[in-house]
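Single-structure report; data block below.
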Amino acid sequence: MSKPRGNRVKLLIGTRKGAFTLTSDPVRSAWNLEGPLYLGHIIYHYMVDPRDANSQVMAVKTGHLGPTVFFSKDAGKTWKEASRPPQYPKATEKGDGTLDPEKSLAEMTGANKGYQRGRKGGGKGAKGGSAVDIVFWLSSGHESQSGVWYAGTAPPGMFISKDGGDTWAPVQGFNTYCQAKDGLHGEGETPGGQLTHSILIDPRDAKHMYVSISVGGTFESTDAGASWTPINKGVQADFLPDPDTPYGHDPHCVVMHPQNPDRLYQQNHCGIYRIDRPDVKWDRIGKNMPEEAGDFGFPIVVHPHDVDRAWVFPMDGTEVWPRTSPGGRPAVYETRDGGSSWHRHDRGLPDEHGYFTVKRQAMTNDAMLPLGLYFGTTCGEVYGSIDEGASYNCLVRHLPEIYSITATLD
Amino acid sequence: MLVHIPSPLRSYTKGASKVDADGASVDEMLNHLDKQFPGIKFRMIDENSRMRQHIKIFVNRETVDTVRAPLNSADEVHIICALSGG
C-alpha cells in the first residue's frame, strides 16, 4: 500500500461532464489542470483511498446508461469498471423458486409508501423490486479494513466493496431498514432527491458508523450496519407536519471530526447543527450565523486538528429557495468556537453578482499546514485558500458543474 | 443475429457499431452480449430486468418493452439511447 507522501496537493474533481485533476507546485501557488477523464460521464463522487494513495474510485452515470463505479489501483493512470456495481438483490422468489419480478420485498412488507416532499415515494422499488438509479456517495472503510469502500445510492441504499471497488454487495441491514420504514426508500431527481450520503466510520471502531439520507435523517449503527437507530433529536424538519418525528429530516452533509469522532457537525436543509456523543440531541449552532447569510447550505468542512473549527458555504434559502449565494455575494463562513460565533470570509470571491453555489461533496481541505481549503462551484470554478480559509484565489474556471472535490498529496 | 450498438455503449464493444449475438429472447441476447463485452448489460437493464429509462430496444424495427420478448437468429436488433430534452 502507498500512503500519500508527496508535497504537492492534488485535487480530484468530479463534474457533471467528466473528471479532472488539479495539481499544485510544492508551495501551492501554481496549479496544473489535467483531464477530462470520462468526458460526458456524470461523476458524482471521485475519491482517493486515505489508506492507499494508489486506490481511487469514481461513482459514475451517464444521461442514458445505468449507474456504475470505476476504480483505479495505480493512482488514476488506468481505470476499470466494477465487475459487479452496486445493485439490489433480484426481486423475491415465488413459491416454486422462480423470481417474481412483480413483487418486491418492500411490497411484501407493506413498505415503500413514501412521503417525499412533492414526490411520489417508492419509485422503482414500488414495482418489480428496487434498482439502484445513482451511486451518489463513496467512503473508504476503516483503517484496519484494507480495500473496503462503502457506497451510498439513490434510492437510498448502502453497499460495500471489500476489493477496492471491483465488486459490491448490499449492506443488507441498512437496505432492509430503509425499505421497512415508511418514507425511507423513495426516488427523485438527483442531486436534490432522496439519497444516501455522509457514510462516516468511527476510526476507533470499524463497527460504529453513521449514515445520512437526504431526505430521511441521520442513523447510527454499532454492529457494522446490521441494525440502525435514528439520531435526529433537536434537528428541525420545517417541511414535515410532525416536528418531533424520529426521522424524515434532511441532512445535506454530516462530518465527523477525525481527532474527536464524538464531535459531529451537520449542514441540514433546516440549519447547521453540532452534537457531542454520547449526547443524543443536536444543537442548532446555525442560529448564531449572521442573519443575511442564514444557515442553509450543503457542504461543511472541519479543521483536521481543531475540533472547534469548521467552514460552511451558505446559500439562499428564502422564499422560493433560489439556492444561490445570498445576495449574489458568495462567502465562506467559519467558526472557531464550535459554532458559537461565525465569521465571513470573502476576500478573493466576487463582490457582487456571484450566483454560484457549492454542492455537498465539493468542499474540502488538504490537511497541510497552514491548512488549504478548496471548493468547486456550480459554475465550474475551483477556488482555493492556503491561509486556512481567510482568502481565496480562483484556481481554474470553465469546468462543467462541479459535484465533488477531494484532496490528496502527490 | 445482428445487433446495432449506440455510441454511448461502444466503449464496451471497442468502437464497434454492429456486433453479433445469440439468444432465443432479448434477455438471452443481452446475456450473450455481456459475455462478450462485460458490463454492457447492466448499463441498459437494471438488476430486476427492467430496461433503463432512456434505453429502447427494437427488434426488426418494432419496439419491445420487455427482455422476455422472443428472438430468432434472423432478427435484427437496434439498441437505442432515447433522445430527450435539448
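Chains as they are written, first to last, in our numbering: chain H, 1 to 410; chain U, 1001 to 1086.
For every residue, glycine included, the Cβ atom is placed at its ideal position computed from N, Cα and C.
None of these values were measured; they are calculated from a predicted model.
Check: Do H:Leu37 and H:Ala19 have their CB atoms nearer than 8 angstroms?
Finding: Yes; because the gap between Cβ atoms is below 8 angstroms, this pair is in contact.
Check: Who are the Cβ neighbours of U:Val1003 in its own chain at under 6 angstroms, not counting the five residues just before and after it?
Finding: Spatial neighbours of U:Val1003 in its own chain (CB-CB distance under 6 angstroms, excluding positions within 5 residues in sequence) are listed in chain order as Val1019, Ala1021 and Val1077.
Check: Secondary structure at H:Asn32, three-state DSSP: helix, strand or coil?
Finding: Strand.
Next item on the list: Give a yes or no on whether the minimum CB-CB distance between U:Ile1054 and chain H is below 8 angstroms.
Entry: Per the sequence presented here, residue 1054 of chain U reads as His, with Ile not at that position. Residue contact check for U:His1054 against chain H: a CB pair falls below 8 angstroms.
Margin query: Just to make sure I have the definition right: I need the residues of chain H whose C-beta is within less than 7 angstroms of the C-beta of U:Arg1061. Which are they?
Written below: Result: empty, since nearest Cβ-Cβ is about 20 angstroms, beyond 7 angstroms.
Checklist line | Straight-line gap, H:Trp137 to H:Gln267 (C-alpha atoms, nearest Å) | finding: Between the C-alpha atoms of H:Trp137 and H:Gln267 there is a straight-line separation of about 16 angstroms.
Notebook entry, point to check: Since U:Pro1070 sits in a beta bridge, which residues does DSSP pair it with?
Noted result: In the DSSP output, where bridge partners are listed per residue, U:Pro1070 has U:Ser1025.
Check: Just by C-beta distance, which residues in the region 1025-1057 of chain U are closer than 9 angstroms to chain H?
Finding: Along the region 1025-1057 of chain U, the positions whose C-beta sits under 9 angstroms from a C-beta of chain H are Pro1038, Gly1039, Phe1042, Arg1043, Met1044, Ile1045, Asp1046, Glu1047, Asn1048, Ser1049, Arg1050, Arg1052, Gln1053, His1054 and Ile1055, read in chain order.
Check: What is the DSSP secondary structure of H:Pro50, counted as helix, strand or coil?
Finding: In this structure, H:Pro50 counts as coil in the three-state DSSP scheme.
Item checked: Straight-line gap, H:Met256 to U:Gln1036 (C-alpha atoms, nearest Å) -> C-alpha separation (whole angstroms): 44 angstroms.
Next item on the list: For U:Pro1070, decide whether its Cβ has a neighbour in chain H, counting only Cβ atoms nearer than 8 angstroms.
Entry: It does not: the Cβ of U:Pro1070 has no partner Cβ on chain H nearer than 8 angstroms.
Checklist line | Segments of 3+ residues assigned as beta strand (DSSP E) that fall wholly inside the region 293-355 of chain H | finding: If we require 3 residues or more, the beta strand (DSSP E) runs fully inside the region 293-355 of chain H come out as 297-303, 306-314, 332-335 and 343-345.
Notebook entry, point to check: Helix, strand or coil: how does DSSP classify H:Arg119 here?
Noted result: Confidence is the limiting factor: at H:Arg119 the pLDDT is only 33, short of 50, which leaves the residue's position unreliable, though a coordinate-based value still follows. DSSP places H:Arg119 in coil when its eight states are reduced to three.
Notebook entry, point to check: Any Cβ of chain U within less than 8 angstroms of the Cβ of H:Leu195?
Noted result: So, not an interface residue.
Check: Name the chain U residues whose beta carbon is nearer than 8 angstroms to that of H:Lys77?
Finding: Neighbours of H:Lys77 on chain U: none; closest Cβ ~18 angstroms, over 8 angstroms.
Check: Tell me the DSSP bridge mates of H:His249?
Finding: Paired residue(s): H:Gly216.
Next item on the list: With 8 angstroms as the threshold, decide whether the Cβ of H:Thr68 is near any Cβ in chain U.
Entry: By this cut-off, H:Thr68 is an interface position.
Notebook entry, point to check: Between H:Asp306 and H:Pro330, which are expected to be in contact by the criterion C-beta below 8 angstroms, what is the C-beta distance as a whole number of angstroms?
Noted result: The pair is not a contact, with the Cβ atoms about 24 angstroms apart (cut-off 8 angstroms).
Next item on the list: For the alpha helix (DSSP H) containing U:Phe1037, list its first residue and its last residue.
Entry: Run containing U:Phe1037: none; DSSP gives neither H nor E here.
Notebook entry, point to check: How would you list, in chain order, the residues of chain U whose beta-carbon sits under 7 angstroms from the beta-carbon of H:Pro85?
Noted result: Among the residues of chain U, those whose CB is under 7 angstroms from the CB of H:Pro85 are Phe1042, following chain order.
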